[in-house]
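Please read the structure below before turning to the comments.
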Amino acid sequence: VPTPAHTHSPPTPPTPPITRWYLLPSLPSEHWRRVAFGVFIVTFLCPTLRNYALFQIPLALALTLGSIGPIYAIPLVYVMKGERTTWEAKAWTIVAVAGVAIMCAFGLEGE
Numbered sequence: 199v200p201t202p203a204h205t206h207s208p209p210t211p212p213t214p215p216i217t218r219w220y221l222l223p224s225l226p227s228e229h230w231r232r233v234a235f236g237v238f239i240v241t242f243l244c245p246t247l248r249n250y251a252l253f254q255i256p257l258a259l260a261l262t263l264g265s266i267g268p269i270y271a272i273p274l275v276y277v278m279k280g281e282r283t284t285w286e287a288k289a290w291t292i293v294a295v296a297g298v299a300i301m302c303a304f305g306l307e308g309e
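The opening position of the sequence shown corresponds to residue 199 in the numbering used here, with each subsequent residue numbered one higher.
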């Protein structure tokens, strides 16, 4: 008696290798120094300097300068990954930088 085709079990997919995501990567000591320096800047130096700026310059100017962080991403993505942006993004970035430059040039006159 022949067996029906539907009784054959499908092949089991291969199990992916177990990744140990919690282990630190093996890096040369120079790279670890760079990582430590970046962690220091991001977690200590940036907030310290930002809070210092809040007390030294007008609040509107400090908040404007603090909000231009995404503008840095456009040249950085080209430098680090080689990705090109659209001409519209480049044009509006130039407009935003010009606006910030105008605010910085004339923002301290009221004091």
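Every residue gets a Cβ at the ideal spot worked out from N, C-alpha and C, and that includes glycine.
Which of the three DSSP states, helix, strand or coil, is assigned to residue i?
i, result
"S227", "helix"
"T291", "helix"
"R232", "helix"
"G267", "helix"
"T217", "coil"
"G280", "coil"
"T246", "helix"
Identify which residue in the options has its Cα closest to the Cα of residue i.
i, options, result
"L247", "V293, G264 and M301", "G264"
"I269", "T283, L257, L259 and S207", "T283"
"C302", "A258, R231 and V275", "A258"
"L222", "P215, W230 and I216", "W230"
"A260", "I292, P245, A271 and I272", "P245"
Using a Cβ-Cβ cut-off of 7 Å (strictly less than) and excluding sequence neighbours within five positions of residue i, which residues of its own chain qualify?
i, result
"E281", "V275"
Within its chain, find whatever has a CB closer than 6 Å to the CB of residue i; leave out the 5 residues flanking it on each side and keep chain order.
i, result
"I266", "V298"
Any 3 or more C-beta pairs closer than 8 Å across the region 241-255 and the region 288-301
These segments do not touch.
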